[in-house]
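Right, one structure below, let's go through it.
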Amino acid sequence: MDIFLELTNLEIPAECCTLETNTGNRIFYRGDKKTPGFTGLYFRDENNFFAIYPSESGPVIFFEGKEYEINKELAISLLKQGKNRKFKIEDYNIEIAYTESPYIGFDVWSDEIDVDLFFMIEQRYKEQEFYDRYTIR
Numbered sequence: 001m002d003i004f005l006e007l008t009n010l011e012i013p014a015e016c017c018t019l020e021t022n023t024g025n026r027i028f029y030r031g032d033k034k035t036p037g038f039t040g041l042y043f044r045d046e047n048n049f050f051a052i053y054p055s056e057s058g059p060v061i062f063f064e065g066k067e068y069e070i071n072k073e074l075a076i077s078l079l080k081q082g083k084n085r086k087f088k089i090e091d092y093n094i095e096i097a098y099t100e101s102p103y104i105g106f107d108v109w110s111d112e113i114d115v116d117l118f119f120m121i122e123q124r125y126k127e128q129e130f131y132d133r134y135t136i137r
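Encoded structure:
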């Protein structure tokens with residue numbers, strides 16, 4: 001796995017991040033990515049940094065300095081109460097409480113208007129297309 005990854009903020013496409021996976025160091029910047037193609041996505045707020053990126057074995061998440069593999073058997077959920085959200089991956093004891101972003105995106109493939117990174121993961125992690133996109137070949 002690469003030590004340095006270049007990621008894009010799903011909600012703010014002009015914001016990017018270089019993540020050093022072995023230390024957790026992050027450098028945020030605005031502008032175009034330097035690495036072509038899909039390299040991964042991230043979410044950040046004042047309390048959390050969460051990233052998802054492709055690997056040779058499929059999607060990997062980075063949270064609190066650790067890498068975790070995503071698979072179809074995980075128990076992943078997203079609870080929405082107004083603008084407050086709670087994303088959980090029970091198998092890894094990951095829970096992220098956050099507030100809906102004002103920059104939230106629109107997904108033409110979804111019935112939902114407010115699609116963020118956690119909604120995308122929760123809705124798609126059981127689909128083969130998700131694993132195809134997040135697997136380096």
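Just so we're aligned, residue 1 is where the sequence shown starts under the working numbering, counting upward by one.
All C-beta atoms, glycine included, are put in the ideal place defined by N, C-alpha and C.
Predicted, not measured: the structure shown is a model, and the values here were computed from it.
Measuring C-alpha to C-alpha distances from residue 75 to each of 94, 15 and 12 identifies 94 as the nearest. The three-state secondary structure of residue 137, taken from DSSP, is coil.
Under the rule that a run must span 3 or more residues, the beta strand (DSSP E) segments found entirely inside the stretch 4-40 read 4-9, 15-20 and 26-30. Per the C-alpha coordinates, the member of 137, 96, 78 and 98 positioned closest to residue 124 is 78. Distance from the Cα of residue 130 is smallest, within the candidate group 57, 14 and 50, for 57. Annotation: the continuous alpha helix (DSSP H) that includes residue 117 extends over 117-124. Inter-segment contact for the stretch 40-49 and the stretch 9-19 is present: three or more beta-carbon pairs are separated by less than 8 angstroms. The Cβ atoms of residue 5 and residue 53 sit closer than 7 angstroms to each other. Nearest neighbour of residue 72 by Cα position, chosen from 133, 134 and 127, turns out to be 127. Within the model, the alpha-carbon separation for residue 67 versus residue 25 is close to 14 angstroms.
Taking the CA atoms as reference points, residue 70 sits about 10 angstroms from residue 134. Excluding residues up to 5 positions away in sequence, 6 lie with their Cβ nearer than 7 angstroms to the Cβ of residue 35 in the same chain. In the three-state scheme derived from DSSP, where H, G and I count as helix and E and B as strand, residue 90 is classed as helix.
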